[in-house]
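S.K.: Its first residue numbered 170, the sequence shown is counted upward by one per residue in my numbering. Pasting a structure below so you can have a look.
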Amino acid sequence: MKRIVLTGGGTAGHVTPCIALLPALKKENYDIQYIGSYNGIERKLIEEYRIPYHGISSGKLRRYFDVKNFSDPFRVIKGYREACKIMKQLDPDIVFSKGGFVSVPVVFAAKKYKIPVIIHESDMTPGLANKLAIPAAKKVCANFPETLEYLPREKAVLTGTPIRRELFSGNKIRGLDFCGFTANRPVILIIGGSTGAKAINEVIRGMLPTLVRDYQIIHLCGKGKLDDTLNNVAGYVQFEYIHNELSDLFAAADLVISRAGANAICEIIALRKPNILIPLPQGSSRGDQILNAESFEHQGYSYVLSEEKLSVSTLLNAIHTVMESRRKYIDAMNQSSLNNSVDTILQLIKETQR
């Protein structure tokens, strides 16, 4: 039996592609292990699939000033030592890394023990964690063709992103019933990312009286961001985070409003859902979501609204525009070359493993 170590964490986007690979890996009888941070979101997500989980110390490597910059390097060093111990104990045949800063010590530990590593980069340009890890990798999977120019030619492989197969099995009626909604009004699903999005949450809640006249609203607002004063608003439901029922909520949705993390938007495109993307602004990120959104807008898949221009009036206008042109967006997505890459990555794992 071949053994694979999966790693990645910090946000759900660094975990869901690994989750998407689980059924195919299990079918091929891999012994699957996961290395993540002690108590990051990845731990909860992975343990639900009963995959053995190994926690290590994790620190963030920032490109800006923060007092934690003085302590986090020591956490990274500790994480590397812990990863080396785990790697020596598990002795896997291959490591698959989805990125996030917890993955860096894992990749370096794999290099120390001459264990081949495959990295997956979802965004248009590699993030800092993957930039640090790429020299230690045998292969680097890319989601966008544009990403290949930023990667070593001999390592780069255009694969697309793995999509969780359960997302394709959603049931609209189950989704409507779960929310207590009816089938006679369209549904808008708002996804602010696994940690939520304060700016989006505030605008959505400010326009609720107008929205619920014509639409039913499913609001995934992030951990600790529920507003209990809105619990009894007819046509509106809010959740911190949804896991098992997400496929049904997607099936029920006529329109999705989302941040522009690469994994999330690739899932939206794969499900052919008309969408409005509100990328993280430059000041709050390295700008990767802006590039992702611009690419999808250029290809006709998405309506993009910058956070700087986000308001009740601009979002209402975007909603009306997309709903009136739903067929145009769906037709464009039907022509998309972005495919579910599970089989491609599985073959790459087989070719690269020891």
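All residues carry an ideal CB built from backbone N, CA and C; glycine is no exception. Note that the structure is predicted; figures quoted are calculated from it, not measured.
(1) In the DSSP assignment, find the beta strand (DSSP E) that holds Tyr222 and state where it starts and stops.
(2) Taking only the alpha-carbon atoms, compute the straight-line gap between Thr316 and Arg523 and give it to the nearest angstrom.
(3) What does the alpha-carbon distance come out to for the pair Arg495 and Ala420?
(4) Which residue's Cα is closest to the Cα of Asn198: Cys187, Met170, Val184?
(5) Mark Arg231 as exposed unless 16 or more other C-beta atoms lie within 10 angstroms of its C-beta, in which case mark it buried.
(6) For Tyr384, tell me which candidate among Lys394, Asn340, Ile373, Gly456 has the shortest Cα-Cα distance.
(7) Three or more C-beta pairs closer than 8 Å, one from the stretch 448-464 and one from the stretch 289-297: is that the case here?
(8) Go ahead and pull the three-state DSSP assignment for Tyr282.
(9) Determine the burial state of Asn503: buried for a count of at least 16 other Cβ atoms within 10 Å of its Cβ, exposed for fewer.
(10) What alpha helix (DSSP H) runs, 4 residues minimum, are completely inside the stretch 244-325?
(11) Is Ser412 buried or exposed, if buried means 16 or more other CB atoms sit within 10 Å of its CB?
(12) Which two residues bound the contiguous alpha helix (DSSP H) that contains Gln468?
(13) Taking only the alpha-carbon atoms, compute the straight-line gap between Leu194 and Leu345 and give it to the nearest angstrom.
(14) Can you check DSSP and say which residues form a bridge with Thr529?
(15) Along the chain, where does the beta strand (DSSP E) that runs through Ile386 open and close?
(16) Span of the beta strand (DSSP E) holding Leu358?
(17) Give me, in chain order, the residues of the same chain whose beta-carbon lies closer than 7 Å to that of Ser338; leave out the 5 immediate sequence neighbours on both sides.
(18) Could you please give me the residues that DSSP links to Ser427 through a beta bridge?
(19) Taking the alpha helix (DSSP H) that Val406 belongs to, which residues open and close that run?
(20) In this structure, how does DSSP classify Leu515 when only helix, strand and coil are distinguished?
(21) Taking the beta carbon of Ala403 as the centre, do at least 16 other beta carbons fall within 10 Å, making it buried, or is it exposed?
(22) Could you check if Asn432 is buried or exposed, using at least 16 other CB atoms within 10 Å of its CB as the buried criterion?
(23) Report the three-state DSSP secondary structure of Val372 (helix, strand or coil).
(24) Which one of Tyr207, Ile287, Phe270, Tyr498 has the shortest CA to CA distance from His467?
(25) With H, G and I counted as helix, E and B as strand and the rest as coil, what does DSSP make of Val184?
M.R.: Here's the rundown:
(1) Unbroken beta strand (DSSP E) run through Tyr222: 222-225.
(2) Spanning the alpha carbons of Thr316 and Arg523 requires a straight line of approximately 27 Å.
(3) If I take the Cα positions, the gap works out to 15 Å.
(4) Checking every option, the nearest Cα to that of Asn198 belongs to Met170.
(5) Its pLDDT being 49, under 50, Arg231 is placed unreliably in this model, and the value from its coordinates should be taken loosely. Exposed: under 16 other Cβ atoms inside 10 Å.
(6) That would be Ile373, whose Cα lies nearest to the Cα of Tyr384.
(7) They touch, by the three-pair rule.
(8) Residue state, collapsed to three classes: coil.
(9) Of the other Cβ atoms in all chains shown, fewer than 16 fall within 10 Å of the Cβ of Asn503; this residue is therefore exposed.
(10) Within the stretch 244-325, the complete alpha helix (DSSP H) runs of at least 4 residues are 272-281, 297-302.
(11) Here residue 412 turns out to be His, not Ser, going by the sequence shown. So His412 ends up on the exposed side.
(12) Element bounds for Gln468: n/a, residue is neither H nor E.
(13) Pairing Leu194 with Leu345, the inter-Cα distance amounts to about 33 Å.
(14) Given a span of 170 to 523 for the chain in the structure shown, any question on residue 529 remains unanswerable.
(15) Note, Ile386: beta strand (DSSP E), 385-389.
(16) For Leu358, the enclosing beta strand (DSSP E) stretches over residues 356-360.
(17) Here the set comprises Ser416.
(18) DSSP lists Ile360, Leu446 as the beta-bridge partner residues of Ser427.
(19) That residue, Val406, is in no alpha helix (DSSP H); its beta strand (DSSP E) goes 405-408.
(20) Three-state DSSP puts Leu515 in a helix.
(21) Looking at its Cβ environment, which holds fewer than 16 other Cβ atoms inside 10 Å, Ala403 is exposed.
(22) By the neighbour-count criterion, in which a residue is buried when 16 or more other Cβ atoms sit within 10 angstroms of its Cβ, Asn432 is buried.
(23) Under the three-state reduction of DSSP output, Val372 falls in the helix class.
(24) Measuring from the Cα of His467, the nearest candidate turns out to be Tyr498.
(25) Coil at Val184, not helix or strand.
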